[in-house]
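Participant:
Numbering (the numbering used here), first residue to last: 2 to 511.
1) Would you mind working out which of 306, 16 and 36 sits nearest residue 255, comparing C-alpha positions?
2) Checking the sheet assignment: what are the DSSP bridge partners for residue 412?
3) Taking residue 91 as the reference, give the member of 104, 84 and 83 with the closest Cα.
4) Roughly how many whole angstroms lie between the Cα atoms of residue 223 and residue 206?
5) What is the DSSP secondary structure of residue 131, reduced to helix, strand or coil?
6) Use the C-beta contact count for residue 248: other C-beta atoms within 10 angstroms, 16 or more gives buried, fewer gives exposed.
7) Would you identify the three-state DSSP class for residue 421, choosing helix, strand or coil?
8) Closest to residue 75 by C-alpha separation, out of 108, 52, 97 and 94, would be which residue?
9) What are the start and end residues of each continuous alpha helix (DSSP H) run of 4 or more residues lying completely inside the segment 73–157, in chain order?
10) With DSSP as the reference, identify every bridge partner of residue 272, one or two as the case may be.
11) What does the alpha-carbon distance come out to for the pair residue 426 and residue 221?
12) Since I believe residue 137 is in contact with residue 202 (beta carbons under 8 Å), could you give me their beta-carbon distance rounded to a whole number of angstroms?
13) Out of curiosity, what's the CA-to-CA distance linking residue 188 and residue 8?
14) Since residue 342 sits in a beta bridge, which residues does DSSP pair it with?
15) Is it buried or exposed, residue 388, if we count other Cβ atoms within 10 angstroms and call 16 or more buried?
16) Leaving out five residues before and five after residue 152 in sequence, what residues of the same chain have Cβ atoms less than 7 Å from its Cβ?
17) Among the residues of its own chain, which have a CB less than 6 Å from the CB of residue 1, if the five just before and after it don't count?
18) Using the Cβ count rule (16 or more neighbours within 10 Å means buried), how would you classify residue 34?
19) Could you pull the start and end residues of the beta strand (DSSP E) that residue 167 belongs to?
20) Since residue 322 contacts residue 275 with CB under 8 Å, what's their CB separation in whole angstroms?
21) So what's residue 396 in DSSP terms, helix, strand or just coil?
22) Measuring alpha carbon to alpha carbon, tell me which of 306, 135 and 150 ends up nearest residue 185.
23) With DSSP as the reference, label residue 250 as helix, strand or coil.
24) Using the three-state DSSP reduction, which class does residue 185 fall into: helix, strand or coil?
25) Pull the bridge partners of residue 207 from the DSSP assignment, please.
26) If we count Cβ pairs, one from each stretch, closer than 8 Å, do we get three or more for the segment 124–136 versus the segment 53–69?
27) So, at 8 Å on beta carbons, what are the nonlocal neighbours of residue 170 in its own chain, with the 5 sequence-adjacent residues on each side left out?
28) Considering only residues of the same chain and omitting the five flanking positions on each side of residue 228, which have a CB-CB separation below 8 Å?
29) Can you tell which of 368, 359, 430 and 375 has the C-alpha that lies nearest to the C-alpha of residue 398?
30) Are the CB atoms of residue 96 and residue 143 nearer to each other than 9 Å?
31) Can you tell me which of the three DSSP states residue 41 falls into?
32) State buried or exposed for residue 246, treating a residue as buried only when at least 16 other CB atoms are found within 10 Å of its CB.
33) Could you say which of 106, 440 and 421 lies nearest to residue 307 if we only look at CA atoms?
34) Suppose the cutoff is 6 Å on Cβ atoms and the five residues either side in sequence are ignored; what does the same chain contact list for residue 5 look like?
35) Distance check for residue 225 and residue 405, CA to CA, integer angstroms please.
36) Please check the pair residue 365 and residue 466, which I expect to be a contact at CB under 8 Å, by giving their CB distance rounded to whole angstroms.
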């Protein structure tokens, strides 16, 4: 065997490592066609582990990052090279898409099959159902289509069962997909046959939502292993499978992994040009129902203000991590000369008490805030102590100038439910008394929380922090024109003295 033949054989053997490595092998003559990034390696490793003991895999990623190519096409080809007698089902919301994927795998058999002992069965010309001489093959079908007479003995693949948001939000269409999944797709799986589900998580009750609700995640004692990769990792769904810290971007086929600035810019552009709901579902895999929201996405976008008024009084508000949560809401803003509240900075993230207190102090120093509002329900006086301790430490470390006077720390006690606290501020937003003027671009995550939160759902920290800012800085509408001094009373102070409507007494500052 020549050196060239030995090298070719070693590359062929290495290609069996996982579907991503197989993709590099198939495209070795044209490496620009398929580039393996960090997220491909992770997904490919998860696919390679599929088997009787690990038989359910759910992949949720943003669009256009190569997940369908990897899960539907390369996985099918890789599996057939290892299990040439197995029958694979490839399905998608449209039969034409499933057929396209089947055609690609069939082409690879024709071009590279001899390298792995695979040959097409003579006479099998149908793209939707073809076989190998070894007995294996592929059946392609659309969601709702038939798999009758085709027992899936290798792996079952469902790639984007929901066409778009409209179909995913239709109870009738979601039920149609679920009934097909139950009565057609699962019924064709032989015992022990694994399956991979890859999709855009459009709705909380879409196919991903239902299978997780019924069978649960592996880490919770359930059946499904979940690869959930957000465009920008938030930490809200637990540790990142790629090991990213909150705020780090997802890798992309068109951008080198090491170019973090370009990756961040790409995803920031997607965030700026998407509605909050689409950013949440398409790019973060975090759908929220729109029904019952206090504010609409359109109104929130209309309240973005590129040219805000001058500042009278600046503040930072903190909804600390606690009470069963690890996300701390940290917002900064100011009362403008036009008597509007402008929300300017969002430093909300998963962090400990030491981390959120330092983050709040650094933001206060950065923005020149005169006051820090901090919610004390779960920490009592310790929340105030945490902020003061952090300020002192940051000055000793040289992070904050030693001659900078510390802001006043104002504890906030939330005495009523979240809805009663948020409704009056939502009204102020509707009356154009609250605007966003993000120093680094639109405050998309804040808008998303306001546009999707419903009573009874988990309490997002951004909403609470922005509510505390509004209660602390906004003045009652009836007296706004008569008060010109920055020391004028706030909504919360007016509420305590009975000068505003009943809802505005929901938060008490003291």
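We put the beta carbon where it would ideally sit given N, CA and C, even for glycine.
Facilitator: So, to answer that:
1) Closest option to residue 255, judged by alpha-carbon separation, among 306, 16 and 36: 36.
2) Looking at the DSSP assignment, residue 412 forms a beta bridge with 375.
3) For residue 91, the closest alpha carbon among the candidates 104, 84 and 83 is that of 104.
4) For residue 223 and residue 206, the distance between alpha carbons rounds to 18 Å.
5) Strand, per DSSP.
6) The residue in question, residue 248, is exposed, as its Cβ has fewer than 16 Cβ neighbours within 10 Å.
7) Of the three classes helix, strand and coil, the one that applies to residue 421 here is helix, per DSSP.
8) Of the candidates 108, 52, 97 and 94, the one whose C-alpha sits nearest the C-alpha of residue 75 is 108.
9) Entirely contained in the segment 73–157, the alpha helix (DSSP H) runs reaching 4 residues are, in chain order, 76–83 and 96–113.
10) Per the DSSP secondary-structure output, residue 272 pairs with nothing in a beta bridge.
11) Near 37 Å, if we compare the C-alpha coordinates of residue 221 and residue 426.
12) With a Cβ gap of about 32 Å, residue 202 and residue 137 do not count as contacting.
13) Cα to Cα, residue 188 sits roughly 44 Å from residue 8.
14) DSSP links residue 342 through a beta bridge to 336 and 435.
15) When all chains shown are included, residue 388 counts as buried.
16) Excluding residues within five positions, the ones whose Cβ falls inside 7 Å are 88, 189 and 191.
17) As shown, the chain starts at 2 and ends at 511. That puts residue 1 outside it, with no answer to give.
18) Residue 34 is exposed by the Cβ-count criterion.
19) Per DSSP, residue 167 belongs to no beta strand (DSSP E); it is in the alpha helix (DSSP H), 166–169.
20) Taking a contact as a CB-CB distance under 8 Å, the pair residue 322 and residue 275 does not count as one, their CB atoms being some 28 Å apart.
21) Here residue 396 sits in helix by DSSP.
22) Nearest C-alpha to residue 185 among 306, 135 and 150: 150.
23) Residue 250: strand per DSSP, three-state reduction.
24) Judged by DSSP in its simplified three-state form, residue 185 adopts helix.
25) Bridge partners of residue 207: none, in fact.
26) With contact defined as three or more Cβ pairs closer than 8 Å, the segment 124–136 and the segment 53–69 are not in contact.
27) Answer for residue 170: 203 and 204, listed in chain order.
28) Residues of the same chain with a CB within less than 8 Å of the CB of residue 228, apart from the 5 flanking positions on each side, are 43, 44, 47, 58, 59, 60, 61, 62 and 242 in chain order.
29) Closest in C-alpha terms to residue 398, from the list 368, 359, 430 and 375, comes 359.
30) Yes.
31) Helix.
32) Burial is judged here by how many other beta carbons sit within 10 angstroms of a residue's own beta carbon; residue 246 has fewer than 16 and is exposed.
33) The candidate whose alpha carbon is nearest that of residue 307 is 440.
34) For residue 5, where only same-chain residues beyond five positions count, there are no Cβ hits under 6 Å.
35) Just so you know, the alpha carbons of residue 405 and residue 225 end up roughly 53 Å apart.
36) So it is not a contact: roughly 13 Å between Cβ atoms.
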